[in-house]
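Number of protein chains: 2
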Amino acid sequence: MEASLQAALEALSDPIRRRIVRELAQVPDWSRPCGTFNELPVAKSTLSHHFSVLRNVGLLEQRDEGARRLNRLRKAEFDERFPGLLDLVLSEP
Amino acid sequence: MEASLQAALEALSDPIRRRIVRELAQVPDWSRPCGTFNELPVAKSTLSHHFSVLRNVGLLEQRDEGARRLNRLRKAEFDERFPGLLDLVLSEP
């Protein structure tokens with residue numbers, strides 16, 4: 008993973024993106040499709056942008072399964088690149 | 008220190024502010040006046056804003072000594088509030 012610290016901090020500077028990350032940390036890998044995040048108070052296109060930012064910074068892996076796009080939080084990989092950063096996000100209330 | 012993670016991430020999402028933090032980490036407390044940062048490629052007013060952001064988020068303590076404003080990085084305090092975050096900044100090349 009080659010994301011810069013700049014990109015990682017920017018990605019996590021958005022409260023909706025941190026919430027997506029926290030929610031994904033609470034479920035098994037590949038169990039939560041993007042379509043199940045529509046309780047978040049943002050437009051669908053904005054949500055799609057947030058997923059893209061998280062993916063580009065190496066926090067998220069996605070795969071399509073039929074009509075659903077499933078997600079995996081790349082916790083171990085991100086922890087190795089930026090020790091402690093994800094834990095700060097996950098410990099946020 | 009009651010800064011939110013949101014404020015901390017925003018404060019550190021700026022490369023000039025991270026550079027100020029790294030430079031202050033390399034010198035003893037209270038040894039570096041604000042006026043000695045004019046090698047940074049920003050206007051004086053912008054620099055002043057950066058110092059203010061760092062101070063408001065609890066990363067910086069300042070005191071005036073004659074015409075000079077001296078700085079102290081609040082490393083221990085910030086580390087306690089946001090474990091690992093400052094180390095990521097300090098280990099950035």
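First to last, the sequence lines map onto chains A and S.
Remember, our numbering sits 7 above the position in the first sequence when you count from 1.
Remember, our numbering sits 7 above the position in the second sequence when you count from 1.
Using N, Cα and C, we set each Cβ at its ideal position, and we do this for glycine too.
How about residue i: is its C-beta nearer than 7 Å to some C-beta of chain S?
i, result
"residue 89 of chain A", "yes"
"residue 20 of chain A", "yes"
Quick one: Cα of residue i to Cα of residue j, how far?
i, j, result
"residue 69 of chain S", "residue 56 of chain S", "14 Å"
"residue 63 of chain A", "residue 44 of chain S", "33 Å"
"residue 67 of chain A", "residue 59 of chain A", "9 Å"
"residue 15 of chain A", "residue 71 of chain S", "35 Å"
"residue 61 of chain S", "residue 18 of chain S", "6 Å"
"residue 54 of chain S", "residue 21 of chain S", "12 Å"
"residue 48 of chain S", "residue 27 of chain S", "12 Å"
"residue 52 of chain A", "residue 41 of chain A", "12 Å"
"residue 46 of chain A", "residue 77 of chain A", "17 Å"
"residue 84 of chain A", "residue 29 of chain A", "16 Å"
"residue 11 of chain S", "residue 75 of chain A", "35 Å"
"residue 80 of chain A", "residue 25 of chain S", "27 Å"
"residue 35 of chain A", "residue 97 of chain S", "33 Å"
Can you find a C-beta in chain C that's less than 7 Å from the C-beta of residue i?
i, result
"residue 17 of chain S", "In the displayed structure, chain C is absent; the protein chains listed are A and S."
Strictly under 7 Å for the Cβ-Cβ distance: is residue i near chain A by that measure?
i, result
"residue 99 of chain S", "yes"
I need the DSSP call for residue i, collapsed to helix, strand or coil.
i, result
"residue 36 of chain A", "coil"
"residue 70 of chain A", "strand"
"residue 76 of chain A", "strand"
"residue 12 of chain A", "helix"
"residue 64 of chain S", "coil"
"residue 49 of chain A", "coil"
Got a sec: does the ligand ATP put a non-hydrogen atom nearer than 6 Å to the Cβ of residue i?
i, result
"residue 18 of chain A", "Looking for the ligand ATP in the displayed structure turns up nothing, as the structure carries no ligands at all."
Starting from the beta carbon of residue i, find every residue of chain A whose beta carbon is closer than 9 Å, and list them in chain order.
i, result
"residue 95 of chain S", "12, 15, 16, 89, 90, 91 and 92"
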